[in-house]
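Novice: My questions all concern the structure below.
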Ligand SMILES: [Zn+2]
Ligand SMILES: [Zn+2]
Ligand SMILES: [Zn+2]
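Numbering (the working numbering), first residue to last: 761 to 1066.
In structure tokens form, the structure reads like this:
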């Protein structure tokens, strides 16, 4: 009898583990904050106060990882300043921190500066593929310290073309698409990931939806998951002129998406929160409002099955 109970316990444990990590390719959220992370350096205001005191409330810069357990491969979308902690989280979940490539969205500090950890001073990687658009590629090739990563072949740049689909392996397809954003050093892309004929889009940074020639509401209808720029919750959140740093306010996005079906609304996962965004505060009225309206808030460690 004792042995039967032990056997059942082992079987139950095995089932649980299988449920936690999918057996087919999937996506995991490694970070949800805006470029600066949460709390933000030097912020002494209420938005960050609790997070300074309690490390459990801190959040890393937005990042997704695509994992293929059938081939034991994994690729991160964006190399953030928190790459060290994020790869540690990845290791906790998949048992492996080594990545097989990086897909970059653009040259703002939260999205590529983690590449520095691939250099001589840290990992000294050997030809890790870094997928980037043409201007982003030139930016890395022509400016130090990034140019050293290219010269020493720590990274191997793979130039992308917008709206052109390519395969990471036989199970996973990726398509970069251009989005309007403050493109001082590079163009900005979002990514469409296709696994098992299901689609996920990731747009961490974009100017107002109206400035994009693609209709975001029509796009949401066509895909299965949409991880979308939620830098600011509403107008007036910053004291500075917010038109200089345009992003779709979460309030505006929810209004724009209000006529979508419940199923389509469920596809939306807000991400890339500025330290001032109340969606970072657990149990806030804004978090409740988003859930009540039928949308999701991206969480670190969240698994997305296909
Ligand atoms: Zn950003
Ligand atoms: Zn703050
Ligand atoms: Zn940006």
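Glycine included, every Cβ here is placed at the ideal spot set by N, Cα and C.
Restricting to Cα atoms, I'd like to know which of 924, 947, 845, 1053 is closest to residue 895.
Specialist: The shortest Cα separation from residue 895 among 924, 947, 845, 1053 belongs to 947.
Novice: Going by DSSP, which residues form a beta bridge with residue 833?
Specialist: 828
Novice: Taking only the alpha-carbon atoms, compute the straight-line gap between residue 962 and residue 979 and give it to the nearest angstrom.
Specialist: 12 Å
Novice: Rounded to a whole number of angstroms, what is the C-alpha to C-alpha distance between residue 874 and residue 842?
Specialist: 7 Å
Novice: Classify residue 792: buried if its beta carbon has 16 or more other beta carbons within 10 angstroms, exposed otherwise.
Specialist: It counts as buried.
Novice: Can you tell me where the beta strand (DSSP E) with residue 952 in it begins and where it stops?
Specialist: For residue 952, the uninterrupted beta strand (DSSP E) run begins and ends at 949 to 955, by DSSP.
Novice: Starting from residue 894, trace the beta strand (DSSP E) both ways and give me its first and last residue.
Specialist: Annotation: residue 894 is outside any beta strand (DSSP E); the continuous alpha helix (DSSP H) that includes it extends over 894 to 902.
Novice: Does the distance from the CB of residue 1069 to the CB of residue 1022 come in under 7 Å?
Specialist: What the structure shows of the chain is the stretch from 761 to 1066, and residue 1069 is not part of that stretch, so it cannot be assessed.
Novice: What are the boundary residues of the beta strand (DSSP E) that includes residue 986?
Specialist: 985 to 989
Novice: Nearest-angstrom Cα distance between residue 877 and residue 883?
Specialist: 6 Å
Novice: Using 6 Å as the cut-off, classify the Cβ of residue 965 as near or not near the heavy atoms of ligand 3, replying yes or no.
Specialist: yes
Novice: By the 10 Å Cβ neighbour count, where 16 or more other Cβ atoms means buried, how is residue 812 classified, buried or exposed?
Specialist: exposed
Novice: Does at least one heavy atom of ligand 1 sit under 6 Å from the Cβ of residue 868?
Specialist: yes
Novice: Report yes or no: do three or more beta-carbon pairs, one from the region 963 to 975 and one from the region 929 to 941, lie closer than 8 Å?
Specialist: yes
Novice: Under 6 Å: does the beta carbon of residue 943 sit that close to some heavy atom of ligand 4?
Specialist: Of the ligands one can find in the structure shown, namely ligand 1, ligand 2 and ligand 3, none is ligand 4.
Novice: According to DSSP, is residue 1055 helix, strand or coil?
Specialist: coil
Novice: By the 10 Å Cβ neighbour count, where 16 or more other Cβ atoms means buried, how is residue 935 classified, buried or exposed?
Specialist: buried
Novice: Threshold first: 3 residues or longer. Then list the beta strand (DSSP E) segments lying entirely within the region 995 to 1061, N to C.
Specialist: Counting only runs of 3 or more residues that sit fully inside the region 995 to 1061, the beta strand (DSSP E) segments are 1028 to 1031, in chain order.
Novice: Would the beta-carbon of residue 798 fall within 7 Å of that of residue 827?
Specialist: no
Novice: Between the C-alpha atoms of residue 1046 and residue 856, what's the straight-line distance to the nearest angstrom?
Specialist: 36 Å
Novice: Would DSSP call residue 864 helix, strand or coil?
Specialist: Coil, per DSSP.
Novice: Quick one: using the 10 Å Cβ neighbour count with 16 as the cut-off for buried, is residue 904 buried or exposed?
Specialist: It is exposed - the Cβ of residue 904 has fewer than 16 other Cβ atoms within 10 Å.
Novice: By the DSSP assignment, the alpha helix (DSSP H) with residue 960 in it spans what residues?
Specialist: Here residue 960 belongs to no alpha helix (DSSP H); instead the beta strand (DSSP E) covers 958 to 963.
Novice: Examine ligand 1 and report whether any of its heavy atoms sits within less than 6 Å of the Cβ of residue 795.
Specialist: True, at least one ligand heavy atom lies under 6 Å from that Cβ.
Novice: Quick one, which of 818, 890, 929 has its alpha-carbon nearest residue 919's?
Specialist: From the listed residues 818, 890, 929, the smallest Cα separation to residue 919 is found for 890.
Novice: Let me check you understand the geometry: is the CB of residue 805 closer than 6 Å to at least one non-hydrogen atom of ligand 2?
Specialist: yes
Novice: How big is the Cα-Cα spacing for residue 1009 and residue 988?
Specialist: Approximately 11 Å between the Cα atoms of the pair.
Novice: When the Cα atoms are used, what is the spatial distance from residue 1057 to residue 1031?
Specialist: 7 Å
Novice: Taking C-alpha atoms, which residue in 983, 1026, 1036, 984 lies nearest to residue 1002?
Specialist: When only C-alpha atoms are compared, the closest one is 1036.
Novice: Using beta-carbon positions only, say whether residue 986 and residue 1028 come within less than 7 Å of one another.
Specialist: yes
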